[in-house]
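Visitor:
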Amino acid sequence: MLRTQFHRCGNRLLRHYIGGIKMSNNKNETTSPNVLPSLPYADNALAPVISANTVAFHYGKHHTGYVDNLNKLIAGTELAYLPLEKIITETAGKVNMIAIFNNAAQAWNHTFYWRSLRPKSGGEPPAVLKQKIEASFSTLDACKKELATAATTQFGSGWTWLVLDGNKIKVVKTSNADVPITTGMKPLLTIDVWEHAYYLDYQNRRADYVNAVLDNLINWDFAAENLA
Ligand code: MN
2 MLRTQFHRCG NRLLRHYIGG IKMSNNKNET TSPNVLPSLP YADNALAPVI
52 SANTVAFHYG KHHTGYVDNL NKLIAGTELA YLPLEKIITE TAGKVNMIAI
102 FNNAAQAWNH TFYWRSLRPK SGGEPPAVLK QKIEASFSTL DACKKELATA
152 ATTQFGSGWT WLVLDGNKIK VVKTSNADVP ITTGMKPLLT IDVWEHAYYL
202 DYQNRRADYV NAVLDNLINW DFAAENLA
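Residues are numbered in the working numbering as their position in the sequence shown, beginning at 1, plus a constant of 1.
Structural data, given as structure tokens:
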């Protein structure tokens, strides 16, 4: 899997880095089952909204780093044998498990983020999702505005989410690594608002990044699949 990525990415930095990660995964594979999923598209597929350079750093350095750190932290413990979501719910809120929680949640959040985006997307959600959005927000535009407001008002690092809470669709924001699955909500899609997600392309203009993502990359089909 990583070899495929190795050949597909035209970026020297990412090629070099993924080579290192592959060795690390091999070293840990008997005790650490968490592997870095492949990107669901090429690293330049989100351009010009999100550049290949941003994706190369974000996936190749940040996302990869969370998976690698998690595997180091849980190696040799019983957590090494749990699915990633279970590691997150088992460690959430425990003061002696903060580093494990942070890296596990960030590993999960980033995989969910890459799948929340898709080249040449945005547009209209599938009918079932659109009806549920209109029931909660009255219009799709109002829903997008609430997502953008949550994303731009999150102070510091964090995430903006469209979630299913009971039978109602809501917008929530979380700080740092926090993820709505720990409070019983079902994530439908997410937007990463850590500076590393946009700073190379947009510098301090977080709102421009968020609105461009909502208009051009957001994957409503993925959100609709998560309704089920
Ligand atoms: Mn990130």
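Don't be surprised by glycine CBs; every beta carbon is placed ideally from N, CA and C.
Note that this is a predicted model, so its numbers are computed, not measured.
With hydrogens ignored, establish whether the beta-carbon of residue 198 is closer than 7 Å to any heavy atom of the ligand MN.
Guide: yes
Visitor: Do you know whose CA, among 155, 192, 199, 209, lies nearest residue 52's CA?
Guide: 199
Visitor: Is residue 193 a contact residue of the ligand MN, with contact defined as CB to any heavy atom under 7 Å?
Guide: yes
Visitor: Let me know the secondary structure DSSP gives residue 165 once reduced to three states.
Guide: strand
Visitor: With a 10 Å radius around its C-beta and 16 neighbouring C-beta atoms as the bar for buried, classify residue 80 as buried or exposed.
Guide: buried
Visitor: Which class does residue 32 belong to by DSSP, given the choice of helix, strand or coil?
Guide: Residue placement at residue 32 is poorly supported in this model, since its pLDDT is 49, which falls under 50; the coordinates still yield a value, given next. DSSP places residue 32 in coil when its eight states are reduced to three.
Visitor: Under a three-way DSSP split, which group does residue 181 fall into?
Guide: helix
Visitor: What did DSSP end up calling residue 78 once you bin it into helix, strand or coil?
Guide: coil
Visitor: Residue 191 to residue 162, Cα distance in whole Å?
Guide: When rounded, the distance between both Cα atoms is 4 Å.
Visitor: Flag residue 142 as yes when its Cβ comes closer than 7 Å to any non-hydrogen atom of the ligand MG, and as no otherwise.
Guide: Ligands in the displayed structure: the ligand MN; the ligand MG is not one of them.
Visitor: Does the beta-carbon of residue 136 have 16 or more other beta-carbons within 10 angstroms, so that it is buried, or is it exposed?
Guide: Counting Cβ neighbours within 10 Å, residue 136 comes out exposed, since fewer than 16 surround it.
Visitor: Where does residue 210 land, buried or exposed, given buried means 16+ other C-beta within 10 angstroms?
Guide: buried
Visitor: Under 8 Å between C-beta atoms, does residue 114 make it to chain D?
Guide: The structure shown contains no chain D; it is built from a single protein chain.
Visitor: Hey, how far is the Cα of residue 222 from the Cα of residue 73?
Guide: 35 Å
Visitor: Mapping the DSSP letters down to three states, classify residue 51 as helix, strand or coil.
Guide: In the structure shown, residue 51 adopts coil according to DSSP, grouped into three states.
Visitor: Provide the residue span of the alpha helix (DSSP H) that contains residue 101, from first to last.
Guide: 99–117
Visitor: Taking residue 128 as the reference, which of 121, 141, 122 has the closest Cα?
Guide: 141
Visitor: Ordered along the chain, which non-local residues of its own chain (more than five positions away) have a Cβ less than 6 Å from that of residue 169?
Guide: 137
Visitor: Would DSSP call residue 137 helix, strand or coil?
Guide: helix
Visitor: For residue 208, which residues of its own chain have a beta-carbon under 6 Å away from its beta-carbon, when the five flanking residues on both sides are left out?
Guide: Beyond the five residues adjoining it in sequence on each side, residue 208 comes within less than 6 Å, by CB distance, of 153 in the same chain, given in chain order.
Visitor: For residue 49, count the other beta carbons within 10 Å of its own beta carbon; 16 or more makes it buried, fewer makes it exposed. Which is it?
Guide: exposed
Visitor: Assuming residue 56 and residue 37 form a contact by the criterion Cβ under 8 Å, report the distance between their Cβ atoms to the nearest whole angstrom.
Guide: The pair is not a contact, with the Cβ atoms about 14 Å apart (cut-off 8 Å).
Visitor: What is the residue span of the beta strand (DSSP E) that residue 219 lies within?
Guide: Neither: residue 219 is in no beta strand (DSSP E) and is coded neither H nor E.
Visitor: In terms of residue numbering, what span does the alpha helix (DSSP H) encompassing residue 201 cover?
Guide: Here the alpha helix (DSSP H) through residue 201 covers 200–203.
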